[in-house]
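Just below is one structure, and these are the notes that go with it.
Number of protein chains: 2
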Amino acid sequence: MNEFDLIEKYFNWKSLNSDMLGVGDDCALISIQSQHQLATSVDTLIEGVHFPKNTSAHDVAHKALAVNLSDLAAMGATPLYFTLALTLPNINESWLKGFSSSLKTLSKKYNIQLVGGDTTKGALSITINVTGVLPKNQALLRSSAKVGDAIFVSNTIGDAALAWQQIQNNKTPSSALLKKFNTPEPQVALGQKLLGVANSCIDVSDGLEQDLSHILNQSSVGARINLTDIPLSDEVSNYIEQTNDWCLPLSGGDDYYVLCFTVPETHIEAVQSIGEELGISLTKIGVITKNKHLEIKGLNKTCTSYQHF
Amino acid sequence: MNEFDLIEKYFNWKSLNSDMLGVGDDCALISIQSQHQLATSVDTLIEGVHFPKNTSAHDVAHKALAVNLSDLAAMGATPLYFTLALTLPNINESWLKGFSSSLKTLSKKYNIQLVGGDTTKGALSITINVTGVLPKNQALLRSSAKVGDAIFVSNTIGDAALAWQQIQNNKTPSSALLKKFNTPEPQVALGQKLLGVANSCIDVSDGLEQDLSHILNQSSVGARINLTDIPLSDEVSNYIEQTNDWCLPLSGGDDYYVLCFTVPETHIEAVQSIGEELGISLTKIGVITKNKHLEIKGLNKTCTSYQHF
Numbered sequence: 047m048n049e050f051d052l053i054e055k056y057f058n059w060k061s062l063n064s065d066m067l068g069v070g071d072d073c074a075l076i077s078i079q080s081q082h083q084l085a086t087s088v089d090t091l092i093e094g095v096h097f098p099k100n101t102s103a104h105d106v107a108h109k110a111l112a113v114n115l116s117d118l119a120a121m122g123a124t125p126l127y128f129t130l131a132l133t134l135p136n137i138n139e140s141w142l143k144g145f146s147s148s149l150k151t152l153s154k155k156y157n158i159q160l161v162g163g164d165t166t167k168g169a170l171s172i173t174i175n176v177t178g179v180l181p182k183n184q185a186l187l188r189s190s191a192k193v194g195d196a197i198f199v200s201n202t203i204g205d206a207a208l209a210w211q212q213i214q215n216n217k218t219p220s221s222a223l224l225k226k227f228n229t230p231e232p233q234v235a236l237g238q239k240l241l242g243v244a245n246s247c248i249d250v251s252d253g254l255e256q257d258l259s260h261i262l263n264q265s266s267v268g269a270r271i272n273l274t275d276i277p278l279s280d281e282v283s284n285y286i287e288q289t290n291d292w293c294l295p296l297s298g299g300d301d302y303y304v305l306c307f308t309v310p311e312t313h314i315e316a317v318q319s320i321g322e323e324l325g326i327s328l329t330k331i332g333v334i335t336k337n338k339h340l341e342i343k344g345l346n347k348t349c350t351s352y353q354h355f
Numbered sequence: 047m048n049e050f051d052l053i054e055k056y057f058n059w060k061s062l063n064s065d066m067l068g069v070g071d072d073c074a075l076i077s078i079q080s081q082h083q084l085a086t087s088v089d090t091l092i093e094g095v096h097f098p099k100n101t102s103a104h105d106v107a108h109k110a111l112a113v114n115l116s117d118l119a120a121m122g123a124t125p126l127y128f129t130l131a132l133t134l135p136n137i138n139e140s141w142l143k144g145f146s147s148s149l150k151t152l153s154k155k156y157n158i159q160l161v162g163g164d165t166t167k168g169a170l171s172i173t174i175n176v177t178g179v180l181p182k183n184q185a186l187l188r189s190s191a192k193v194g195d196a197i198f199v200s201n202t203i204g205d206a207a208l209a210w211q212q213i214q215n216n217k218t219p220s221s222a223l224l225k226k227f228n229t230p231e232p233q234v235a236l237g238q239k240l241l242g243v244a245n246s247c248i249d250v251s252d253g254l255e256q257d258l259s260h261i262l263n264q265s266s267v268g269a270r271i272n273l274t275d276i277p278l279s280d281e282v283s284n285y286i287e288q289t290n291d292w293c294l295p296l297s298g299g300d301d302y303y304v305l306c307f308t309v310p311e312t313h314i315e316a317v318q319s320i321g322e323e324l325g326i327s328l329t330k331i332g333v334i335t336k337n338k339h340l341e342i343k344g345l346n347k348t349c350t351s352y353q354h355f
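Residue numbers (the working numbering), protein chains in the order written: chain A, 47 to 355; chain B, 47 to 355.
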């Protein structure tokens with residue numbers, strides 16, 4: 047099978063949107079409404095670095111798109127289109143079938159269209175570039191947290207990190223943990239609802255401590271959070287009871303089902319309503335402060351966050 | 047150096063365009079004018095596959111952006127922004143300095159802004175996703191060649207392929223050939239001038255025969271070209287005189303300084319004016335025909351084009 051057959055067979059899906067020219071020319075063509083702006087982000091997943099070697103094609107495809115959708119969610123953007131740069135060691139049709147099918151399912155769920163890509167030969171690696179749209183000047187930036195804002199996170203923290211730790215220790219994580227690690231659900235609907243409600247937002251990809259610090263640095267503020275307020279699943283809770291290792295949820299990363307956002311006090315009720323409407327738990331974990339420092343009440347050690355190199 | 051320092055030091059360049067939010071948030075934000083549409087394309091270069099192992103950081107960066115700009119050129123789009131997914135085996139500051147500086151120089155030349163990216167650890171690989179803008183419904187598609195159109199190519203064909211062949215045979219190509227192979231100049235200005243003049247266009251990345259065939263297939267037409275009309279540099283001309291290997295220019299690929307386009311007879315003079323204005327040689331090599339077949343007059347063998355797998 048050559049590159050063109052591969053694209054035709056696995057990635058030339060029917061257009062979701064008649065206003066786009068997708069796969070098959072030198073570029074894809076996309077129109078957007080006036081008064082909107084584009085939000086774009088790119089993330090690469092490499093086998094053995096971002097997912098274990100025996101991960102299924104289904105889960106690889108899901109995660110590759112989900113981590114990117116999570117970036118759109120963190121801006122409050124509505125997904126529009128994406129490109130796929132896929133590096134494969136060889137043509138394995140069964141693998142490609144699983145990958146393509148899973149990617150298509152997730153892209154349909156979030157109404158985002160594959161418009162172009164490139165396939166190359168090499169160690170397995172997936173680079174996806176997502177683009178979404180937003181009403182102009184409404185994006186949820188990292189740089190606009192205000193002193194006094196309440197800090198919220200969605201769902202629970204640290205599940206993906208615990209799964210990853212167990213895999214590295216040759217244990218088999220529970221299906222609930224594996225789901226958070228392999229097939230996270232990006233918080234796209236939550237991000238959209240937070241437009242006009244939150245002052246700042248980020249997704250938790252490198253660990254809560256490091257990601258919240260990005261908001262603090264870019265907003266020139268500090269924060270005080272309480273360890274005991276951080277929402278944990280029973281499994282992570284048990285893990286901490288046994289180990290007292292708070293660094294796992296604080297700096298574990300890969301929480302692509304978590305947004306961390308800050309809202310003015312006057313919007314806390316709105317946040318509660320959004321949580322109820324979407325059926326997601328949204329938990330206040332602290333407050334934005336004036337002194338440019340992240341104080342974690344209850345933590346008596348320094349955690350080391352994920353480093354890419 | 048961690049990922050964030052790396053991005054800050056090498057890739058957080060001053061914005062070319064105040065209407066963009068670039069590196070440093072979950073997504074970049076971009077506004078475009080109404081009545082315009084976006085053209086987007088992605089290409090990956092892998093060390094040892096798309097460029098030799100000893101290629102300089104300067105040339106790697108240039109080529110990675112140039113092959114993508116070439117796709118914008120082939121649509122007639124004006125470059126607007128790009129994202130960079132960079133996979134590195136380690137942090138080599140001298141390499142990064144050369145890479146960053148070359149990328150910045152080329153991006154300034156074509157007025158295209160780096161708005162985001164991702165850095166990961168692995169075998170050296172560069173994925174760039176470029177986006178440009180176009181007046182709506184004016185893009186140079188592959189699917190709109192018409193019977194009777196004259197077929198043109200810019201510059202000369204096969205220089206990059208000859209360089210690559212010499213490198214693989216442990217010969218050192220001339221500096222002129224190496225320049226075509228390592229630091230091609232994408233035909234962005236030519237593509238823009240062809241809007242409203244050409245019926246169809248493609249860049250020559252996989253070899254003239256295969257790329258022209260994409261136009262023919264997508265337009266449901268055929269073509270007749272003359273071998274002796276194909277513009278060749280003296281070096282490629284000498285090579286063919288010695289070897290009679292016409293497959294090198296026909297299926298060599300990597301001609302990112304070449305656009306192949308078709309124009310109605312009535313626009314041939316306009317093409318000549320564009321060539322003079324830009325100082326580029328534009329050569330008629332054949333004509334679009336009704337029967338869905340590519341006839342290459344003078345060729346008495348079948349060439350094999352580059353296959354990605």
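For each residue, glycine too, the CB sits at the ideal point set by N, CA and C.
E281/A: buried (16+ other C-beta within 10 angstroms of its C-beta) or exposed? What you label residue 281/A is simply residue 235 of the first sequence in a count that begins at 1. Buried is the call here.
Exposure of Q233/A, with buried meaning 16 or more beta-carbon neighbours within 10 Å: Along the first sequence, one-based indexing puts residue 233/A at 187. Q233/A comes out buried.
With 16 other CB atoms within 10 Å as the buried threshold, where does S327/B fall? Here residue 327/B refers to the residue found at position 281 of the second sequence. Label assigned to S327/B: exposed.
Contacts that S80/A makes with chain B (C-beta to C-beta distance below 7 Å): By 1-based counting over the first sequence, the position of residue 80/A is 34. Chain B residues near S80/A: S80.
Quick one: using the 10 Å Cβ neighbour count with 16 as the cut-off for buried, is H339/B buried or exposed? By 1-based counting over the second sequence, the position of residue 339/B is 293. So H339/B ends up on the exposed side.
Do the stretch 167 to 186 of chain B and the stretch 113 to 125 of chain B meet, that is, are 3 or more Cβ pairs less than 8 Å apart? yes
Where the alpha helix (DSSP H) through E281/A begins and ends: By one-based count along the first sequence, residue 281/A stands at place 235. 280 to 289 is the extent of the alpha helix (DSSP H) around E281/A.
Does any residue of chain B have a CB that is nearer than 8 Å to the CB of N175/A? Against the first sequence, residue 175/A aligns to sequence position 129. Yes, N175/A counts as interfacial toward chain B.
Would you say F198/B and V333/B are within 8 Å of each other, going by their C-beta atoms? Residue 198/B sits at position 152 when you count from the first residue of the second sequence. Residue 333/B sits at position 287 when you count from the first residue of the second sequence. No.
Please report whether the beta-carbon of I213/A lies at a distance below 8 Å from any beta-carbon of chain B. As a working note, residue 213/A is residue 167 in the first sequence. With 8 Å as the cut-off, I213/A does not count as an interface residue toward chain B.
Which partner residues does S80/A have in the DSSP bridge list? The residue labelled residue 80/A in the question sits at position 34 within the first sequence. DSSP lists no beta-bridge partner residue for S80/A.
How about T229/B: is its C-beta nearer than 8 Å to some C-beta of chain A? As a first step, residue 229/B must be located in the second sequence, where it is residue number 183. For T229/B, the answer is no, since every Cβ of chain A falls outside 8 Å of its Cβ.
By alpha-carbon positions, which one of N48/B, P277/B, L262/B, I137/B ends up nearest to V304/B? Here residue 304/B corresponds to residue number 258 of the second sequence, with the count starting at 1. The shortest Cα separation from V304/B among N48/B, P277/B, L262/B, I137/B belongs to P277/B.
Show which residues of chain A have a CB atom less than 7 Å away from the CB atom of V95/B. Along the second sequence, one-based indexing puts residue 95/B at 49. Neighbours of V95/B in chain A, taken as residues whose beta carbon is under 7 Å from its own, are T166, K167, G168 in chain order.
Closest Cα partner of Q211/A within the set L254/A, D300/A, S153/A: Mapped onto the first sequence, residue 211/A falls at position 165. When only C-alpha atoms are compared, the closest one is D300/A.
Identify the contact partners of G162/B in chain A, using a Cβ-Cβ distance below 8 Å as the criterion. Residue 162/B sits at position 116 when you count from the first residue of the second sequence. In chain order: T86, S87, V88.
How many Å lie between C247/B and G325/B at the Cα? As a first step, residue 247/B is located in the second sequence; it is residue number 201 there, counting from the start. As a first step, residue 325/B is located in the second sequence; it is residue number 279 there, counting from the start. So the alpha carbons of these two residues sit roughly 19 Å apart.
Given that a residue counts as buried once 16 or more other Cβ atoms are within 10 Å of its Cβ, and exposed if not, what is N201/B? Position 155 of the second sequence, counted from the start, is the residue given in the question as residue 201/B. Buried: at least 16 other Cβ atoms inside 10 Å.
Just to confirm my understanding: we take K182/A, look at its own chain, exclude 5 residues before and 5 after, and list those with CB closer than 8 Å. What are they? Translated into the one-based positions of the first sequence, residue 182/A becomes position 136. Excluding positions up to five away in sequence, the list reads Q81, H82, Q83.
I248/A versus chain B: which residues are under 7 Å apart at the beta carbon? As a first step, residue 248/A must be located in the first sequence, where it is residue number 202. Neighbours of I248/A in chain B, taken as residues at a C-beta separation under 7 Å, are given in chain order as D72.
Should D8/A be flagged as near chain B, meaning a C-beta pair shorter than 8 Å? Since the displayed chain A opens at 47 and closes at 355, residue 8/A lies outside it and no answer follows.
Is L160/B near L130/B, with beta carbons less than 8 Å apart? Here residue 160/B refers to the residue found at position 114 of the second sequence. Here residue 130/B refers to the residue found at position 84 of the second sequence. Yes, the pair counts as a contact, with Cβ atoms nearer than the cut-off.
At what residues does the beta strand (DSSP E) containing Q159/B begin and finish? For this step, residue 159/B is matched to residue 113 along the second sequence. From DSSP, the beta strand (DSSP E) with Q159/B extends over 159 to 167.
Excluding the 5 residues flanking E255/A on each side, which residues of the same chain have their C-beta closer than 8 Å to its C-beta? As a first step, residue 255/A must be located in the first sequence, where it is residue number 209. Answer for E255/A: L296, S297, L340, I342, C349, S351, listed in chain order.
State the Cα-Cα distance for the pair G194/A and S147/B, rounded to the nearest angstrom. On the first sequence, position 148 is the one that residue 194/A refers to. On the second sequence, position 101 is the one that residue 147/B refers to. Roughly 42 Å between the two C-alpha positions.
Determine the DSSP secondary structure at L262/A, reduced to helix, strand or coil. On the first sequence, residue 262/A is found 216 positions in, with the first residue counted as 1. L262/A: helix per DSSP, three-state reduction.
Measure from the C-beta of S259/A to each C-beta in chain B and report whether the shortest distance is under 8 Å. Translated into positions along the first sequence, residue 259/A becomes position 213. For S259/A, the answer is no, since every Cβ of chain B falls outside 8 Å of its Cβ.
Considering Cα atoms alone, identify which of G204/A, G163/A, H108/A is closest to S153/A. Taking the first residue of the first sequence as position 1, residue 153/A is located at position 107. Nearest of G204/A, G163/A, H108/A to S153/A, Cα basis: H108/A.
Chain A contact residues for T129/B, given Cβ-Cβ distances below 8 Å: By 1-based counting over the second sequence, the position of residue 129/B is 83. Close to T129/B, with beta-carbon spacing below 8 Å, are these residues of chain A in chain order: T86, S87, V88, N175.
Of the listed residues L170/A, A85/A, L208/A, F145/A, nearest to S279/A (C-alpha basis): For the purposes of this step, residue 279/A is identified with residue 233 of the first sequence, where counting begins at 1. Of L170/A, A85/A, L208/A, F145/A, the residue nearest in Cα terms is L208/A.
Nearest candidate by alpha-carbon position, reference N272/B, set H104/B, I331/B, N100/B: The residue labelled residue 272/B in the question sits at position 226 within the second sequence. Nearest C-alpha to N272/B: I331/B.
Strictly below 8 Å CB to CB, what residues from chain A border I92/B? As a first step, residue 92/B must be located in the second sequence, where it is residue number 46. By Cβ distance, chain A contributes T133, T166, K167, G168.
Per-residue DSSP class, three states only, for C203/B: As a first step, residue 203/B is located in the second sequence; it is residue number 157 there, counting from the start. Reading off the sequence, residue 203/B comes out as Ile, not Cys. It is coil, neither helix nor strand.
Pairwise C-alpha distance: T90/B and S77/A: Taking the first sequence and counting its residues from 1, one reaches residue 77/A at position 31. Taking the second sequence and counting its residues from 1, one reaches residue 90/B at position 44. Spanning the two alpha carbons is a distance of roughly 25 Å.
Going along the chain, which unbroken runs of the beta strand (DSSP E) with 3 or more residues stay wholly within the stretch 316 to 342 of chain B? If you keep only unbroken beta strand (DSSP E) runs of at least 3 residues inside the stretch 316 to 342 of chain B, you get 328 to 335.
Which residue wins for smallest C-alpha separation from G237/A, given the options T86/A, I320/A, T151/A? Numbered from 1 along the first sequence, position 191 holds the residue referred to as residue 237/A. The residue with the shortest Cα to Cα distance from G237/A is I320/A.
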